[in-house]
Amino acid sequence: MVRVISFTKYFSLLTITCCLQNPFPSIANIPQEKLTDYISKISISKDLAEADSLAKRAFKEAEKHQDLFGKAEIYLSLGEAYYNQAHPTLPKVYFDKAFEIANELNSPILLLKAHRNMARVYNKEGKYHLAIQHFIKSLDIARETNQKAYIFTNYISLAISYNDQNKPNQSLIFSTAAMSDSLSIPKTIKNITISSLYMCMGRSFWLKNQLKSAEHYTSKAIEMASGNDVRIIKTKGWAFSNLGDIYRSEKKYDKALVAYKSAIKTFGLLGGEFGLQRIYIAMAQTYYVQGKYNEALILAKKAYNLAQRINIWIDINDSAKLVSEIYHQKKNFEKAYSYFLVYTNAKDSLKNIESSQRMLELQTRYETKEKENLIGLQQVKILARDTTLAKNRTENRFLYVLIFSTTAILLVLLFAYLKTRKKKNIIQDQQRIIETSNRKLQDQKADLIQVNESKNLLFSIIGHDLIGQVGTTKEFLSLLVNNPDDIKTISEQKNILEALYTTSLSTFSLLENLLLWSKNERGLLSYIPLKQELKPIVEETINLFQFQVQKKNITIELEGNINATASFDRNIITTVLRNLIANAIKFSKVGGIITIKILETQSEVYISVSDTGIGLKPQQVKAITDGKGLISNDGTDNEKGNGIGLTLCLNLVKMHGSALEVKSTDGQGATFTFSLAKKSPTSLYS
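The numbering used here puts the first residue of the sequence shown at 69, with every later residue one more than the last.
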């Protein structure tokens with residue numbers, strides 16, 4: 069039985085946080101009338117090409133009047149248009165540009181809007197820690213500038229964000245605060261704000277399983293959300309979706325489907341596919357629990373394809389799991405398993421994102437506290453010394469005045485001058501000490517960030533790729549042991565065993581790469597170059613891939629002087645060749661050709677691995693040659709990868725005094741080349 073999904077994880081502030089982007093007009097640098105008209109039309113545009121065209125005209129107007137404030141407003145509206153059409157990346161790009169201008173102008177109204185918009189993006193990505201931070205900053209600015217409508221909308225935004233995190237009690241705290249503040253809302257936006265508040269409260273009560281209260285507030289939200297305004301349409305659409313969830317919880321499946329269809333029809337007024345993947349999942353689950361698998365499969369696949377396109381992991385996770393379970397019910401085990409793998413990878417990615425967010429939050433708090441403590445201690449010491457110096461100076465001056473009268477005054481002035489100069493020198497010395505300490509802190513922070521990035525990469529690969537591959541092996545074995553009756557033909561058994569073998573090889577290779585990479589990062593990797601032949605290790609490495617080569621009908625050719633000798637560490641170069649050949653096989657098509665060429669000069673031996681596969685894009689080649697290296701794409705037979713192999717190769721050939729040269733044309737194969745010295749090479753790591 070499929071679990072009833074919680075739309076809380078999906079409800080990414082797609083209502084009030086975007087509906088109430090601009091409850092008040094700008095309070096400074098109000099754009100020209102023509103520019104204001106462009107900006108208002110951009111955010112509600114249903115056609116992104118039209119929005120881009122309006123934005124270009126608006127930017128010309130802003131340039132004409134040298135209106136930097138107007139440019140920020142254009143970026144906010146353009147980001148809003150792309151956000152409304154569920155674009156995966158551009159909303160954040162445009163909101164970032166608006167944020168930069170807001171900081172440059174130090175404009176409270178722009179900063180308020182920029183923080184809110186960034187919060188909406190982070191909330192949609194599931195980065196709730198960052199979303200809450202930005203909503204709180206927006207709320208603080210609204211309070212400082214007495215922007216009552218923004219105070220109200222930020223309360224609701226925080227309430228919805230906590231609903232998204234399945235924390236209805238915290239959500240109701242902010243909903244209650246918004247309700248008490250609702251009297252200050254202008255009449256022009258009262259309808260949309262109160263209907264959004266009712267919708268949020270209905271969601272909270274649904275999460276608390278108080279279904280009567282949930283239905284009461286959700287129905288009131290639908291009643292109040294009347295009109296053709298984009299903000300009203302979104303609120304009404306999500307209210308219908310919430311109502312469908314409530315009916316589904318009450319097992320009133322026919323009513324639930326009617327409500328979901330009303331939500332789809334309502335969102336259809338906006339154009340595009342705004343948020344539809346979430347409603348498709350809910351409808352598919354409703355059909356599934358009724359045993360209507362064909363209807364469920366159509367909607368679940370639509371949800372999966374849309375979630376993949378806009379790259380929302382939680383939707384990919386739930387839709388892939390649902391499609392897998394439907395195929396399992398239809399006895400199509402091959403497709404059920406393929407979607408189950410997607411679900412497993414998505415689930416691991418979600419866990420990794422949540423883990424990274426928790427680590428980021430803890431690390432930020434720790435580093436901030438440590439720095440505050442250190443700087444605070446230094447400031448206390450300086451204050452104590454300054455106080456002592458001032459006290460001594462006063463006492464000495466008083467003493468000289470009493471003893472030496474008029475003559476003593478001159479001496480006191482001289483003494484005061486010397487003391488002041490000495491104090492100034494002491495303060496300067498102390499400032500230099502503080503500056504040195506701060507530089508050390510910055511250096512230590514940079515080192516910690518680098519170590520943390522390596523640690524996060526290791527945890528990411530272990531938590532995602534390694535666990536994913538081990539989980540895949542576990543599921544195959546579970547299928548063989550627990551459901552042998554479902555495997556009815558020898559062909560199915562052979563397919564499962566071949567998949568097990570491939571997964572095991574991939575897991576072993578990943579473990580070996582991780583071990584070498586970890587040793588290299590910690591400076592523990594031994595490097596012992598000896599003069600030896602290349603032919604034995606090339607042939608041994610090729611033999612490791614007989615199964616993959618036969619499966620894809622790939623030909624591996626050796627060219628050049630394969631009997632050449634060079635000075636190198638056998639284990640390290642074996643690892644380099646294994647990863648380069650594995651990549652060549654992974655990205656080669658069926659019937660492809662892989663060429664391993666060995667050429668000699670007077671002092672060096674050059675080894676290249678070429679394939680006739682899908683090749684690399686120019687930006688991928690640049691990433692490798694710039695030393696970034698980490699590229700993870702699926703192979704031509706959907707082989708999974710993590711990119712660590714290529715990163716490892718970059719470092720291992722560097723130990724031999726070489727670099728990894730890459731030549732490729734997209735769609736026409738790739739060639740990776742490195743060199744080995746005939747004499748003992750000089751390690752670049754020494």
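Heads up, the beta-carbon is just placed ideally off N, CA and C, and yes, glycines get one too.
Check: Backbone CA spacing between LYS235 and GLY681 [nearest angstrom]; Outcome: 49 Å
Check: Whole-angstrom C-beta distance between GLY305 and THR334, which should lie under 8 Å; Outcome: 4 Å
Check: Collapsed DSSP secondary structure at LEU337 in the structure displayed; Outcome: coil
Check: Expected contact under 8 Å - CB spacing of TYR150 and LYS165 to nearest Å; Outcome: The Cβ separation is near 12 Å, so there is no contact.
Check: Distance between beta carbons of ILE347 and SER309, contact taken as under 8 Å; Outcome: 5 Å
Check: Burial state of ILE477, where buried means 16 or more other Cβ atoms lie within 10 Å; Outcome: exposed
Check: LYS258 versus ASP554: straight-line alpha-carbon distance, rounded; Outcome: 59 Å
Check: Beta bridge counterpart(s) of GLU601 as assigned by DSSP; Outcome: THR633
Check: ALA745: first and last residue of the uninterrupted beta strand (DSSP E) it sits in; Outcome: 738-745
Check: Contact test: VAL721 Cβ vs the ligand MN heavy atom, cutoff 7 Å; Outcome: Of ligands this structure carries none, so the ligand MN is not represented either.
Check: Where SER243 sits in the DSSP three-state scheme; Outcome: helix
Check: SER371 to GLN600 span [Cα, whole Å]; Outcome: Per the sequence presented here, residue 371 reads as Ala, with Ser not at that position. Their Cα atoms are separated by approximately 57 Å.
Check: Residues sharing a beta bridge with GLY628, DSSP; Outcome: ILE666
Check: DSSP three-state assignment for SER732, whether helix, strand or coil; Outcome: strand
Check: Assigned secondary structure, GLU148 (DSSP; H/G/I helix, E/B strand, else coil); Outcome: helix
Check: Distance CB(ALA293)-CB(ILE300) smaller than 8 Å; Outcome: yes
Check: Rounded distance between the beta-carbons of LYS620 and GLY660, thought under 8 Å; Outcome: 7 Å
Check: C-alpha gap between ARG271 and ARG500, whole angstroms; Outcome: 57 Å
Check: Expected contact under 8 Å - CB spacing of SER726 and PHE742 to nearest Å; Outcome: 5 Å
Check: Supposed close pair PHE544, ILE558 - CB separation, criterion 8 Å; Outcome: The pair is not a contact, with the Cβ atoms about 16 Å apart (cut-off 8 Å).
Check: Short Cβ contact (8 Å threshold) for ALA282 with ILE241; Outcome: no
Check: Nearest neighbour of LYS255, chosen from LEU226, ALA364, LYS216, LEU579 [CA to CA]; Outcome: LYS216
Check: Alpha-carbon to alpha-carbon, GLU141 and ASN152; Outcome: 16 Å
Check: Cutoff 7 Å; reference ALA414; Cβ partners in own chain excluding five residues on either side; Outcome: TRP381, ILE384, ASN385, ALA388
Check: Separation of PRO552 from SER392, as counted between CA atoms; Outcome: 19 Å
Check: Inside the stretch 156-187 only - beta strand (DSSP E) runs reaching at least 3 residues; Outcome: none
Check: Burial state of GLY735 (16 or more Cβ within 10 Å); Outcome: exposed
Check: Residue interval of the alpha helix (DSSP H) (run including TYR674); Outcome: Careful: TYR674 lies outside any alpha helix (DSSP H), inside the beta strand (DSSP E) at 672-679.
Check: Reduced DSSP secondary structure (H/G/I, E/B, other) of THR623; Outcome: strand
Check: Per-residue DSSP class, three states only, for ILE661; Outcome: strand
Check: Assigned exposure category for LYS181 - 16 Cβ within 10 Å defines buried; Outcome: buried
Check: Cβ shell of ASN631 (< 6 Å), same chain only, five flanking positions each side left out; Outcome: LYS603
Check: 8 Å contact criterion, which PHE137 and LEU178 should meet: CB distance rounded; Outcome: 7 Å
Check: Among ILE332, ASN174, GLY737, TYR321, the one whose alpha carbon lies nearest that of PHE655; Outcome: GLY737
Check: Pairwise C-alpha distance: GLN233 and TYR266; Outcome: 19 Å
Check: Cβ pair PRO597, SER546 closer than 8 Å; Outcome: no
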